[in-house]
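Novice:
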Amino acid sequence: MNEQELMSELERLVSEDRNPRTMDIDLLPTIEILREINGEDSGVPAAVENVIPEIAAAVDRIVSAFQKGARLVYMGAGTSGRLGVLDASECPPTFGVPEDMVLGLIAGGPKALVRAVEGAEDDPQQGMKALQDIKLTADDVVVGIAVSGRTPYVIGGLTYARQVGATTVALSCNPRSVIAGIADIAISPLVGPEVLAGSTRLKSGTAQKLVLNMLTTASMIRIGKSYQNLMVDLNPSNKKLVARAVGIVMQTTGCTAQQARRALDQTGKDVKLAILVTITGMGIEEARKALDNAGGFLRKAIGEKTL
Numbered sequence: 001m002n003e004q005e006l007m008s009e010l011e012r013l014v015s016e017d018r019n020p021r022t023m024d025i026d027l028l029p030t031i032e033i034l035r036e037i038n039g040e041d042s043g044v045p046a047a048v049e050n051v052i053p054e055i056a057a058a059v060d061r062i063v064s065a066f067q068k069g070a071r072l073v074y075m076g077a078g079t080s081g082r083l084g085v086l087d088a089s090e091c092p093p094t095f096g097v098p099e100d101m102v103l104g105l106i107a108g109g110p111k112a113l114v115r116a117v118e119g120a121e122d123d124p125q126q127g128m129k130a131l132q133d134i135k136l137t138a139d140d141v142v143v144g145i146a147v148s149g150r151t152p153y154v155i156g157g158l159t160y161a162r163q164v165g166a167t168t169v170a171l172s173c174n175p176r177s178v179i180a181g182i183a184d185i186a187i188s189p190l191v192g193p194e195v196l197a198g199s200t201r202l203k204s205g206t207a208q209k210l211v212l213n214m215l216t217t218a219s220m221i222r223i224g225k226s227y228q229n230l231m232v233d234l235n236p237s238n239k240k241l242v243a244r245a246v247g248i249v250m251q252t253t254g255c256t257a258q259q260a261r262r263a264l265d266q267t268g269k270d271v272k273l274a275i276l277v278t279i280t281g282m283g284i285e286e287a288r289k290a291l292d293n294a295g296g297f298l299r300k301a302i303g304e305k306t307l
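Note that the working numbering has the sequence shown beginning at 1, numbered continuously upward.
Here it is, written out as structure tokens:
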């Protein structure tokens, strides 16, 4: 695609339009600039709310993949890619899952996380190769993230994922995008033109972050990674998380801090197991078996009413 063709394509994208509400933003004092940005941001949650049915459909596919031992794979370029990598990297400490259960791929590789790798997003073959390198399977779910919906790296990845038979999801901020036409499920929160034309790290990036939060959080809840609204599968890998783990055991069982620490020490800092042992009085191996039989759902293992 030559420069003129690319310019013509970009002109058709909502995310590249000029925002009539911010045409004089360069004349404003600091506080008014911030109010303009905040005012534009305020519409993002409503745009995400409009696509909750599509997000729910994607979550159900992700849950099915996790139940098969398969993976969720994000792929994108620039800001979109960084947001995918961020969400993926937060899953192991938050939910105690293996590091390869949720993967984030970014055009240009890991170095693109901190410095733009120019041209990396322009090669669809690199998107395909990235998925080949992780040995994508038909049981996996691939979420292609691209505000424009036309990033070649993402197009190449989603096209290959479809050939493999994996579930494909497109996350873009433009209607009827190219990747939406490729994917099984299209999630398209329409936030409109940015405060600065084409600066899609703003409203579009915020919308993408909200959607990614929902995809992983809802999926993890659905596979038993929470009890009530507590992160009972978190990995207490630092002092703050150890303190949080102690607090969670105390909140769920009514025990003292000393009792919570003792239960965590006895269970190898397994929060869910520590709660079950404390509530039921089971031995550790008995409790571990009860959790396995309950599919990891703590409510079920305790014997509480579940859906």
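From the three backbone atoms N, C-alpha and C, an ideal C-beta is built for every residue, glycine too.
No experiment lies behind these values; they were computed from the predicted model shown.
For Val14, which of helix, strand or coil comes out of DSSP?
Specialist: In the sequence shown, counting from the first residue as 1, residue 14 sits at position 14. Val14 falls in the helix class under three-state DSSP.
Novice: Determine the extent of the alpha helix (DSSP H) in which Thr200 is found, giving its start and end residues.
Specialist: Working through the sequence shown from its first residue, we reach residue 200 at position 200. From DSSP, Thr200 is part of no alpha helix (DSSP H); its letter is neither H nor E.
Novice: Could you check how far apart the C-beta atoms of Met75 and Gly144 are, in whole angstroms? I think they sit under 8 angstroms.
Specialist: Counted from its first residue, the sequence shown places residue 75 at position 75. Counted from its first residue, the sequence shown places residue 144 at position 144. Yes, Met75 and Gly144 are in contact; Cβ-Cβ is about 6 angstroms, under 8 angstroms.
Novice: Which residues does DSSP pair with Leu103 in a beta bridge?
Specialist: Numbered from its first residue, the sequence shown carries residue 103 at position 103. Beta-bridge pairing links Leu103 to Val73.
Novice: Would you check if the distance between the CB atom of Ser204 and the CB atom of Val114 is smaller than 7 angstroms?
Specialist: Your numbering for residue 204 matches position 204 in the sequence shown. Your numbering for residue 114 matches position 114 in the sequence shown. Not a contact, by the Cβ cut-off of 7 angstroms.
Novice: Can you give me the start and stop residues for the alpha helix (DSSP H) that Ile308 sits inside?
Specialist: It is not possible to answer for residue 308, since the shown part of the chain is limited to 1 through 307.
Novice: Using the rule of at least 16 other Cβ atoms within 10 Å of the residue's Cβ for burial, across every protein chain shown, is Ile31 buried or exposed?
Specialist: One-based indexing of the sequence shown puts residue 31 at position 31. Ile31 is exposed by the Cβ-count criterion.
Novice: Counting beta carbon pairs with one atom in the region 152-161 and one in the region 182-190, are three or more of them shorter than 8 angstroms?
Specialist: Yes, the region 182-190 touches the region 152-161.
Novice: Hey, is the region 63-72 in contact with the region 95-106, meaning 3+ C-beta pairs nearer than 8 angstroms?
Specialist: They touch, by the three-pair rule.
Novice: Hey, would you say Arg61 sits closer than 7 angstroms to Val141, going by beta carbons?
Specialist: As a position in the sequence shown, residue 61 is number 61, starting the count at 1. As a position in the sequence shown, residue 141 is number 141, starting the count at 1. Taking 7 angstroms as the Cβ cut-off, Arg61 and Val141 qualify as a contacting pair.
Novice: Whether or not the region 83-94 and the region 202-221 are in contact is what I'm after, with contact meaning three or more pairs of Cβ atoms, one per stretch, closer than 8 angstroms; do they touch?
Specialist: Yes, they touch.
Novice: Assuming Lys272 and Leu291 form a contact by the criterion Cβ under 8 angstroms, report the distance between their Cβ atoms to the nearest whole angstrom.
Specialist: Locating residue 272 in the sequence shown gives position 272, counting from the first residue. Locating residue 291 in the sequence shown gives position 291, counting from the first residue. Rounded, the Cβ-Cβ distance is 7 angstroms, consistent with contact.
Novice: Report the three-state DSSP secondary structure of Thr256 (helix, strand or coil).
Specialist: Numbered from its first residue, the sequence shown carries residue 256 at position 256. Residue state, collapsed to three classes: coil.
Novice: I need the straight-line Cα distance from Ala260 to Lys300, nearest angstrom please.
Specialist: One-based indexing of the sequence shown puts residue 260 at position 260. One-based indexing of the sequence shown puts residue 300 at position 300. Looking at the two C-alpha atoms, the distance is approximately 21 angstroms.
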